[in-house]
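Residue numbers (this note's numbering), protein chains in the order written: chain A, 623 to 971; chain B, 623 to 971; chain C, 623 to 971; chain D, 623 to 971.
4 protein chains.
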Amino acid sequence: MIYFNCDYTQGAHPEILKALVKTNLVQTDGYGEDPYCEKARALIREACKAPEADIHFLVGGTQANFTVIRAALRPHQGVLCPVTGHINVHETGAVEATGHKVLALPCGREGKLCAAQIEAAVKSHYEDATHEHQVQPGMVYLSHPTETGALYTREELEKIGAVCEEWGLFLFVDGARLGYALTAQGTDVGLFDLARLCDVFYLGGTKCGALFGEAVVVLHPTLKKDFRYFIKQGGGMLAKGRLLGLQFLTLLQEDLYFSICKKANLQAQKISSACQAAGFPMLAPSVTNQQFPILPDELLPLLGRDFTFSYWERVDSAHSAIRLCTSWATTDEETDALCSAILRLGKAL
Amino acid sequence: MIYFNCDYTQGAHPEILKALVKTNLVQTDGYGEDPYCEKARALIREACKAPEADIHFLVGGTQANFTVIRAALRPHQGVLCPVTGHINVHETGAVEATGHKVLALPCGREGKLCAAQIEAAVKSHYEDATHEHQVQPGMVYLSHPTETGALYTREELEKIGAVCEEWGLFLFVDGARLGYALTAQGTDVGLFDLARLCDVFYLGGTKCGALFGEAVVVLHPTLKKDFRYFIKQGGGMLAKGRLLGLQFLTLLQEDLYFSICKKANLQAQKISSACQAAGFPMLAPSVTNQQFPILPDELLPLLGRDFTFSYWERVDSAHSAIRLCTSWATTDEETDALCSAILRLGKAL
Amino acid sequence: MIYFNCDYTQGAHPEILKALVKTNLVQTDGYGEDPYCEKARALIREACKAPEADIHFLVGGTQANFTVIRAALRPHQGVLCPVTGHINVHETGAVEATGHKVLALPCGREGKLCAAQIEAAVKSHYEDATHEHQVQPGMVYLSHPTETGALYTREELEKIGAVCEEWGLFLFVDGARLGYALTAQGTDVGLFDLARLCDVFYLGGTKCGALFGEAVVVLHPTLKKDFRYFIKQGGGMLAKGRLLGLQFLTLLQEDLYFSICKKANLQAQKISSACQAAGFPMLAPSVTNQQFPILPDELLPLLGRDFTFSYWERVDSAHSAIRLCTSWATTDEETDALCSAILRLGKAL
Amino acid sequence: MIYFNCDYTQGAHPEILKALVKTNLVQTDGYGEDPYCEKARALIREACKAPEADIHFLVGGTQANFTVIRAALRPHQGVLCPVTGHINVHETGAVEATGHKVLALPCGREGKLCAAQIEAAVKSHYEDATHEHQVQPGMVYLSHPTETGALYTREELEKIGAVCEEWGLFLFVDGARLGYALTAQGTDVGLFDLARLCDVFYLGGTKCGALFGEAVVVLHPTLKKDFRYFIKQGGGMLAKGRLLGLQFLTLLQEDLYFSICKKANLQAQKISSACQAAGFPMLAPSVTNQQFPILPDELLPLLGRDFTFSYWERVDSAHSAIRLCTSWATTDEETDALCSAILRLGKAL
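Shown next as structure tokens:
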């Protein structure tokens, strides 16, 4: 059985394990105040061209999301988010558990918000005579890539950033799969753009080659203040914080992060091409490591004999979209095996 | 200027003030443990034919809603609710502030949920392999009448009650305007039905003739336990609790509650008839004290010269729905004046 | 049976009921945006000599406390409070329910904090190398009078205010019984002092002659912003907000608030003198309307034949402190009857 | 510089890294549903002789604490805890952030609660006429060993367990350093005792040889239900959950967990003996891996030249207690070096 159901079915890139083994007996301070974390922070600041940024390492995405959102919002505020956003549908209400409403906005299959839509939502809030009876929008949450692997363009992010600035909203980008976004074919969004347009975002490690870990980059001065208290309160302050620093240090030295994500993207494009050649349309276009082909229901068990995939959603009474993911660990042989299987299924149509 | 914008523009029915004045110097215990509260509880239990019910008096609707919901749900649970439900749109996220997601379901202009829709939502939760990553439905919240004045039938409530029982959901009915529902023409839902079908509901006082106050009727044993702690924690335990007991005692003695609401319904029907005679369609049919006619935008300022109303929503580029409410304090003269004005506006079309 | 167990056993001062009756049919906007509220606000601003203050009317004390504290603190902050403070012991954890720790500091029987103690607590927080693992003090909560009826002097408040300003703490005074504090014999603290020294405080109505209601005076600009959202979210926005405005308007016109509280203080002093003459020591000195004599346990049932009182605390194996309260409704006859009974009990010793 | 300031200054026991490297490319499901987690669960159940126990792996202690407490308590309940307990003083109010008050009880320097004290607290709650205005005790939180390294005896835990059962309190033992407790000289408390007396407890990994991780053992049926939702909501569900399973599997196979903790205890006893031989009294007796000698202040910088330690607390104007910890990584050479240094300091007295 070959696993394509998600991008966290294996351990970590071997370089990371090597670094852990090599440094195992070195004694350091805890809670992220060690030299490895410091070096990793320096590399991230440099990569973002943001010498003033604060960098914090957290263990996972849900933790990063609610910690950032709780730190940013006042109690009467909520976070604007595409209705398919991870915080809205896949985190067991972690944001609401901190007291804040997720203000879900409609979005297409790409899972993106646009500047006009955000502006309309905020304007309509303030124009309503009873706005004090409603949750005030305080932040915009996006993911890049989105849940279905789509990317924002630099222009789209600039427009969203401008709306956020005009209306006093924080802009937060969930980058759980940011490595794939930054290395996707044709993207014009770099780390530098995120650092200048967002108030806070993160570089995901868990889904991009690390054992675990997310590097939160805090740009806005208001959010910087006392951020470590929030991490501790939310259960995100790893005692052996160096484990996080070491992993990001390894990923960012010699651009490992980017090279492994780029390779996974290319493998995913092969899979996408195979799907389309086989006559399976895609739920939404994706240039990153997740692909969402639509298959006739009767083919799912056939594909499932040799490969794992995620059931994504029902498309019509006879068809479903599935998710196929590549990762740093996906081999070309595995990719080829999957593509062949897909093409065979296509002929069976 | 005559106020039709809401049903709480004046004080209370004169009988209530009379009772307050009469008992003012009587000394009683506080926090709802006085004889007036006890008598009012007995009357409500009798009216509901629910001798085992616990009755608690709270000051207002938002307070009643979040107190009940917080008492009922475990932290990973949310409350199913029509997307237009008061807790979803008009309480500044009070439910989320207690840590729970409002699971908004689509609804038509009537603002109602149906049993099939609730069942589908719960089933889809449990059938999803990643349901532990999602908020678990734990309660259904309805209002009767709905936000746009519509009513459930007994059969509809019975079906919803059956789904709730099957899937282990609490059923909660917000009765901020329950008096109007119970006395509306043609309804087959009585207090007895609510008491046997719901786990908890309330009889609204604030919008039905009292100065303030909601009488929460708790039927389910699990919800009864320690409920007074929740009231106190949520800021809802009035020191001079007798004020609430006295008001409900006055309203329920000699059926004052029902007679004043019935009269307001009849006045509202007159207004509805005038609107339709004038050629103004209704946003949704309502047999209760709130009416939502759709008017051409240019007529709004004309109507607004002599009458207040609530702007409800934009219907198309040239038309808007407004809300007109009657109450215990609405006189027939005021109703007639409004109807005449509407008919005149109709001719001006 | 004559009630001395608390200061909310009866309705309201008759002038308040008169005002409610007189204005009952006047139509106004809801939610505190009516002319009565506006006038009451103007009177309070004037009495405080604080023309820039924002005034909000809430229904009760617990509600006022958690609404103010939630509005003021960021999630990692807590509120410093005497260990006997109302928010620490008598509000069912309402502050914790909003996510904030009550940082209880030791205090004597008077129930007061002092500036040095507050400063020591804050300094020790910041000096601890692991302060990010601890709750950051963000506010100081006092009550004036305290739970046992004691008063701060102007100098004490000035010193506390200076510490708060130096360390960036908000200063919040719970004035549930403020009327008694302001009119107590020998006090040098006036409304003007509170307005210049606090960031937020309230004038209690519930325990000072109103049916219910607390007038929150917000001085600090940061706390003013969006405060009405917090009121609504916490369930404190009364639909018929005018009821609150009208009550404070009545209390503050012609100094009714002050005259009724002063009279109750004088009656309480008589009771205190009787206790001491009878040989019963006081738990702590009080110049306000609550008195806490210490009685032999066997006398409690004797006193309880004709008078209600609150059991306060066990003092030793044979003695207990009880609470005796006067209020606007206490008559001189009732006071005299209580004093005679106490003197008789003293002779029985 | 040799680190004795805490027990998490290094990586993990080499066997753990070996296991991670060996299994790195194996593909498994995520979120703790992999074969390594299953095997580790089986070993823990066996070690506890609790075949019905549910075992969940979380990343860290603060996370484990608030997740368990939030799952167990209803909103009006709090958790009884020694005033020095970790949740009360070192987790940035994480428990309060979930809405619950920590009900701190006084304790001696050993940091222990006793059954009588717990019973008195609960009785006094229910006997108070205004208990609904107070937080209801719902759980007892202990740590074993305590913050200062002390241990409960089996009899003490049995008595506490009996009080908890009688009063309907959950009993929760924080076992962040449980390995040291279970292998301490003279203890009569085994895993089996914890499993039969507690409703929930955890075996700490982070401080007992793992990179990170705590194994939560849930015994009480009520707490078992839906526990994975709580883990996800609190940010504690590791995507690559196998990392946790693998570590506990490694630690529990061939009793590695116990042998490394036992060795650290012995080293700590050597340090304790050296301190006492040198004339430095201990703050509290400890038979586990943490020792708290009291030193004259002027000796601290001398000791600090070659060794790190934690400053613990001021004892008097000239003396302070410090913390010295051993761990799986402490060598006998390091221990000897520290003991010699302490003895030298003693001579300098």
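Beta carbons: idealized from backbone N, C-alpha and C, even for Gly. Keep in mind it's a predicted model, so treat the numbers as computed, not measured.
- Could you check what DSSP says for D:C947 in three-state terms: helix, strand or coil? Three-state result, D:C947: strand.
- With a cut-off of 8 Å, do at least 3 Cβ pairs link the segment 799-809 of chain C to the segment 828-845 of chain C? Taking 8 Å as the limit for Cβ pairs, the verdict is that the segment 828-845 of chain C does touch the segment 799-809 of chain C.
- Own chain, CB closer than 7 Å to A:Y879, minus 5 neighbours either side, in chain order: Closer than 7 Å at Cβ, skipping near neighbours: G801, C830, G831 and L873.
- Would you report the Cα separation of B:P915 and A:I709, rounded to the nearest angstrom? In a straight line, the C-alpha of B:P915 is about 38 Å away from that of A:I709.
- Please name the residues in the segment 848-872 of chain D whose beta-carbon is closer than 8 Å to at least one beta-carbon of chain C, in chain order. Per Cβ criterion, the list is empty.
- Item | Terminal residues of the beta strand (DSSP E) in which C:S932 lies | For C:S932, the enclosing beta strand (DSSP E) starts and ends at S932 to D938.
- Item | Contacts of D:G721 in chain B (Cβ-Cβ under 7 Å) | Against D:G721, the close residues of chain B are G721, in the order they occur along the chain (beta-carbon pairs closer than 7 Å).
- Item | Interface flag, D:L632 vs chain A, CB-CB below 9 Å | Rather than Leu, the amino acid found at residue 632 of chain D in this sequence is Gln. With 9 Å as the cut-off, D:Q632 counts as an interface residue toward chain A.
- Who are the neighbours of B:F688 on chain C, taking C-beta pairs under 8 Å? Within 8 Å Cβ-Cβ: G857.
- Task: Indicate whether at least one CB of chain F lies closer than 9 Å to the CB of A:T828.
- Result: The question asks about chain F, but that chain is absent: this structure's protein chains are A, B, C and D.
- Message: Less than 9 Å between the beta carbons of A:G858 and A:L680, yes or no?
- Response: In contact: A:G858 and A:L680 (Cβ atoms closer than 9 Å).
- CA-to-CA distance, B:C628 to B:L946, given in whole angstroms: C-alpha of B:L946 to C-alpha of B:C628: approximately 7 Å in a straight line.
- Note down, in chain order, all residues in the segment 692-707 of chain D with a beta-carbon under 8 Å from any beta-carbon belonging to chain C. The residues in question are P697, H698 and G700.
- Query: Are there three or more Cβ pairs, one per stretch, closer than 8 Å when the segment 834-847 of chain D is compared with the segment 941-956 of chain C?
  - Reply: Between the segment 834-847 of chain D and the segment 941-956 of chain C there are fewer than three C-beta pairs closer than 8 Å, too few to call the two in contact.
- Kindly give me the distance between the Cβ atoms of A:K854 and D:T684, rounded to whole angstroms, as I take these residues to be in contact under 8 Å. 7 Å between Cβ atoms; contact.
- Message: Restricting to Cα atoms, I'd like to know which of B:E718, B:I740 and B:A719 is closest to B:P728.
- Response: Nearest option by C-alpha distance: B:I740.
- State the CB to CB distance for the pair C:V648 and C:H698, rounded to an integer number of angstroms; the pair is presumed to be in contact (CB under 8 Å). At roughly 47 Å, the Cβ-Cβ gap does not stay under 8 Å, so C:V648 and C:H698 are not in contact.
- B:E754 versus chain D: which residues are under 7 Å apart at the beta carbon? From the beta-carbon of B:E754, the residues of chain D found nearer than 7 Å are R850, Y851 and K854.
- Task: Thinking C:D796 and C:Y824 are a contact (beta carbons under 8 Å), I'd like their distance in whole angstroms, please.
- Result: With 8 Å as the limit, C:D796 and C:Y824 qualify as a contact, their Cβ atoms being about 7 Å apart.
- Cβ separation of D:G700 and D:K723, assumed to be a contact under 8 Å, to the nearest whole Å: Indeed, because the Cβ distance is near 4 Å, the residues count as touching under 8 Å.
- Query: Opposite C:I624 in the DSSP bridges: which residues?
  - Reply: C:F929.
- Message: Measuring straight from C-alpha to C-alpha, what distance separates C:L640 and C:E876?
- Response: Reading off the sequence, residue 640 of chain C comes out as Lys, not Leu. Roughly 15 Å separates the two Cα atoms.
- Which one or two residues does DSSP pair with D:G826 in a beta bridge? D:E836.
- Query: Is the shortest distance between the beta-carbon of D:T758 and the beta-carbons of chain B less than 9 Å?
  - Reply: One detail in the question is off: residue 758 of chain D reads as Gln in this sequence, not Thr. So yes, D:Q758 belongs to the interface.
- Cβ neighbours of B:C786 in the same chain (closer than 6 Å, five flanking residues each side left out): The answer, listed in chain order, is V762 and L793.
- Closest by C-alpha distance to A:K846, when choosing among A:W789, A:Q869, A:I691 and A:T809: The shortest C-alpha separation from A:K846 is found at A:I691.
- Item | For C:D676, the residue or residues it bridges with in DSSP | Paired residue(s): C:V840.
- Item | Inter-residue CB distance, B:T631 and C:G867 (contact presumed, cutoff 8 Å) | Actually they do not touch by this definition, with Cβ atoms about 14 Å apart.
- Item | Contact with chain D by C:E713, beta-carbon distance below 9 Å | In terms of beta-carbon proximity, C:E713 lines the interface with chain D, with at least one pair separated by less than 9 Å.
- So what does DSSP say about B:D821, is it helix, strand or coil? In the three-state DSSP reduction, B:D821 falls in the coil class, being neither helix nor strand.
- Task: Please decide whether B:Y933 counts as near chain A, where near means a Cβ-Cβ distance under 9 Å.
- Result: Output row for B:Y933: interface = yes.
- Task: Starting from the beta carbon of D:E718, find every residue of chain C whose beta carbon is closer than 7 Å, and list them in chain order.
- Result: Near D:E718 (Cβ distances below 7 Å), the residues of chain C are E718, G721, H722 and K723.
- Message: For D:C820 and A:N687, I'd like the C-alpha separation in whole angstroms.
- Response: Linking D:C820 to A:N687 through their CA atoms gives a straight-line distance of about 33 Å.
- Query: Does any CB atom of chain A fall closer than 9 Å to the CB of D:M623?
  - Reply: Yes, D:M623 lies at the interface with chain A (some Cβ there is under 9 Å from its Cβ).
- Task: Could you tell me whether the Cβ atoms of D:L967 and D:L925 are closer together than 9 Å?
- Result: For D:L967 and D:L925, yes; Cβs fall inside 9 Å.
- What does C:T948 touch in chain B if you count any residue whose Cβ is under 7 Å from its own? Per Cβ cutoff of 7 Å: no residues; C:T948 is ~13 Å from chain B at best.
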